[in-house]
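Those protein sequence lines, which keep their order, are chains A and B.
In terms of our numbering, the first sequence opens at residue 1 and continues consecutively.
In terms of our numbering, the second sequence opens at residue 1001 and continues consecutively.
Every residue gets a Cβ at the ideal spot worked out from N, C-alpha and C, and that includes glycine.
As the structure is a prediction and not an experimental result, all values here were calculated from the model.
2 protein chains.
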Amino acid sequence: MEAYTVSQAAERTGWSPRMLRYLESTGLVIPERSASGYRRYGEPELELLRDLANLRRRFEVELDDVAFVVRLRREPQLRDAVERWLAGATVPAEGASEADWIAWEQRKHERLLVA
Amino acid sequence: MEAYTVSQAAERTGWSPRMLRYLESTGLVIPERSASGYRRYGEPELELLRDLANLRRRFEVELDDVAFVVRLRREPQLRDAVERWLAGATVPAEGASEADWIAWEQRKHERLLVA
DNA sequence: CGTACCTTGACATGACTGTGGTAAGGTTCG
DNA sequence: CGAACCTTACCACAGTCATGTCAAGGTACG
């Protein structure tokens, strides 16, 4: 069974040991622990770490951006709330005219498609 | 059709005019403009602004986080890359059962994010 | 025409992110 | 045993976020 220490994982992924510990603290990549408390990175974790570095480099994504997506996944209520916000789910007030609804629909598209 | 200036919109949403301009710069809530360049907020924008404030207060979400989700919407390649990363991020631990691995495979294809 | 808005741009600041150190102490292994 | 790792817990620092304020000039309207 392959398991690497924090320094070995760092060598193999391009991250520093310091950053590996930081990534764990943010919840992005959490390795197993040995009986005496040493971090043990397996091949799947190395892959995650490499992919994370690529993601950051290729798209200029911040770590906390990715961390937020992880959070979205763990908190369905939050995800739903964000989805509703994105969809502009809040509709015109009661008693709104037909014209209001049409304008809202048009703006909804406009908002979401802005370049 | 109702349209409010930045100060009027601020009064009605609890944001400051400064923040309304900031929110526009981040791409979160972009109002129309009058011929002479004044921002014009309609009722749908006010609603978006109120909901955004609620989102932040209720879930302690940063503007940055919401902006990133908007970005995911606009950049399908990025969204796909993040989804792929996430699918690996929850890989079962080492002693995982066969059932865990099957569930993980299924989750890979799950629709994780705002569609 | 004056006043009260609006515009952009700049400077300031506290909190947090990302990253590197360093210190004090525990673990592994030749 | 001793060297070379590991652990957590701090200090430091540039950069960004979120927010306010202020300045110089344009617009709306009684």
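Neighbourhood of residue i by C-beta distance below 6 angstroms, restricted to the same chain and skipping five residues each side
{"i": "residue 1030 of chain B", "result": "1024"}
{"i": "residue 1006 of chain B", "result": "1017, 1020 and 1039"}
Chain B contact residues for residue i, given Cβ-Cβ distances below 7 angstroms
{"i": "residue 47 of chain A", "result": "1088"}
Interface residues of chain B facing residue i [CB-CB closer than 8 angstroms]
{"i": "residue 52 of chain A", "result": "1085"}
Min CB distance residue i to chain A below 7 angstroms
{"i": "residue 1081 of chain B", "result": "yes"}
{"i": "residue 1078 of chain B", "result": "yes"}
{"i": "residue 1055 of chain B", "result": "yes"}
Where residue i falls, given that 16 or more other Cβ within 10 Å makes a residue buried
{"i": "residue 18 of chain A", "result": "exposed"}
{"i": "residue 14 of chain A", "result": "exposed"}
{"i": "residue 11 of chain A", "result": "exposed"}
{"i": "residue 74 of chain A", "result": "exposed"}
{"i": "residue 1079 of chain B", "result": "buried"}
{"i": "residue 62 of chain A", "result": "exposed"}
{"i": "residue 1064 of chain B", "result": "exposed"}
{"i": "residue 1044 of chain B", "result": "buried"}
{"i": "residue 9 of chain A", "result": "buried"}
Closer than 7 angstroms to chain B by CB, residue i
{"i": "residue 69 of chain A", "result": "yes"}
Where residue i meets chain A, residues with beta-carbon distance less than 8 angstroms
{"i": "residue 1066 of chain B", "result": "82 and 85"}
Cβ shell of residue i (< 8 angstroms), same chain only, five flanking positions each side left out
{"i": "residue 1033 of chain B", "result": "1039 and 1040"}
{"i": "residue 1042 of chain B", "result": "1001, 1002, 1003, 1004, 1031 and 1032"}
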